[in-house]
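These notes are about the structure you will find just below.
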């Protein structure tokens, strides 16, 4: 039987999809197929913003209008959306119950043949979906079981490794605490062993994932783990925080990059900042979500820091490692955001000079605290503010990239076309590597994918670098 998996949202969802694919293929014998040919469609949802949900429903209607496959929804799903999905005769499965998916899917397929599923009982589909929830009575046990599943990685050189899931912050605009639950941190031994195994297989880039990796707090017992130059890595019994985990992972032998997503400013500790100076595998890149430069708006967002504190953190990061490249998230048009509030955000962007910023227009998400607030900024004004910030970003990003002209940067090659190869530099910037266009060079370029090379930067734009390969 064939399946198609559509993933929306953050890197955590993409990591979850790699585990879903592993379960479907290993335990059910399913094979991936294009959406228009698959017998089973799985939507791994993001419901952080209403706009993302609307996009999913648009794709769903298009799919349903053509044929009647079995459709499964999972991921970050709020209760109102869960009921809406079930009313459309679809199966809703919790990602925490992934070890039990094969049993539930088999029951569903047995109950109704795929060809006649469109006549199936909505009540029966709801009952089958509800059966999965019985496995989640012990939340921590369920999460541990699903995170321990070996993923089917979509790349053979870059790997996402979740170190925790859930969130305790309850930002007023965000649905994650309601969809993923409270924070759960994986044991450090499990993470270290997974990363060690990936490095031995030749993986070059390890991206640690969590809704807020800075609050990682894993329980450890005494054990020996991966070997390094100086012998075994030992962790004594007790608690391991995120900086300690980074230092332990940094001891794993091999030539690889280590980075992490995402971070909350309120938990960015001096110890973690120091890791940018002391950890040899940790790349000089930090994604730290500002969201707003207005203290009034930050308070309304329930972010637990001030604009001044954020600026101070960036100063400390750059003092630890001046080469760190910075990206951020910003929401424009949050309820009650005045022009003065917006200008405060613009001022901070000019001051910090981000390399990249992911700008979003606020959309109220039913079920969140902010949804109770009046969405009083017009769509046109939100777009105008977003465009203004984007112009600031283009200016600062271009200025930052110009400083790299003439420099030789270590680069991970990630893809190629007929003429050039493309990579990601150690400071997490995209680079096009110019090569000669002949058949032999194309063959040689393909061999470089997944390998580290040195690239001399010869041209830049705001968003990309260009360079030549240094032998």
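Residue numbers (our numbering): 1283 to 1753. Every residue gets a Cβ at the ideal spot worked out from N, C-alpha and C, and that includes glycine. Predicted model, so just to flag it, every value in this text is computed and none were measured.
Asked                                                                                                         : Found
Reduced DSSP category for residue 1599 - H, G, I as helix; E, B as strand; rest coil                          : helix
Residue 1774, enclosing beta strand (DSSP E) - first and last residue                                         : Given that the chain is displayed from residue 1283 to residue 1753, the structure contains no residue 1774 and the question cannot be resolved.
Residue 1670 versus 1681, 1711, 1625 and 1698, residue with shortest Cα-Cα distance                           : 1625
Rounded separation between residue 1657 and residue 1483 - CA only                                            : 50 Å
Span separating the alpha-carbon of residue 1664 from that of residue 1621                                    : 11 Å
Residue of 1649, 1494 and 1380 minimising C-alpha distance to residue 1446                                    : 1494
Interface flag, residue 1320 vs chain C, CB-CB below 9 Å                                                      : Within the model displayed, chain C is absent; a lone protein chain is all it includes.
The region 1537-1550 touching the region 1574-1581, judged by at least three CB pairs closer than 8 Å         : no
Residue 1383 burial status per 10 Å Cβ neighbour count (16 or more: buried)                                   : buried
Cβ contact (3+ pairs, closer than 8 Å) linking the region 1633-1642 and the region 1596-1609                  : yes
Local conformation of residue 1456 per DSSP, three classes                                                    : coil
Through-space distance from residue 1753 to residue 1521, alpha-carbon basis                                  : 45 Å
Counterpart residues of residue 1446 in DSSP-defined beta bridges                                             : 1467
Completely contained alpha helix (DSSP H) runs for the region 1558-1644, where each covers 4 or more residues : 1577-1582, 1589-1602 and 1621-1634
Span separating the alpha-carbon of residue 1648 from that of residue 1660                                    : 18 Å
Close Cβ partners of residue 1740 (< 7 Å) along its chain, the five nearest in sequence each way excluded     : 1748, 1749 and 1750
Per-residue burial, residue 1452 [other beta carbons within 10 Å of its own, 16 or more giving buried]        : exposed
Best match in 1353, 1706, 1360 and 1469 for proximity to residue 1427 [C-alpha to C-alpha]                    : 1469
Exposure of residue 1640, with buried meaning 16 or more beta-carbon neighbours within 10 Å                   : exposed
Coarse secondary structure for residue 1676, derived from DSSP in three states                                : helix
Minimum C-alpha distance to residue 1568 - residue among 1598, 1436, 1501 and 1584                            : 1598
Contact between the region 1384-1393 and the region 1469-1480 (3+ Cβ pairs under 8 Å)                         : no
Straight-line Cα distance separating residue 1616 from residue 1644                                           : 5 Å
Rounded straight-line distance, which links the Cα of residue 1583 to that of residue 1367                    : 29 Å
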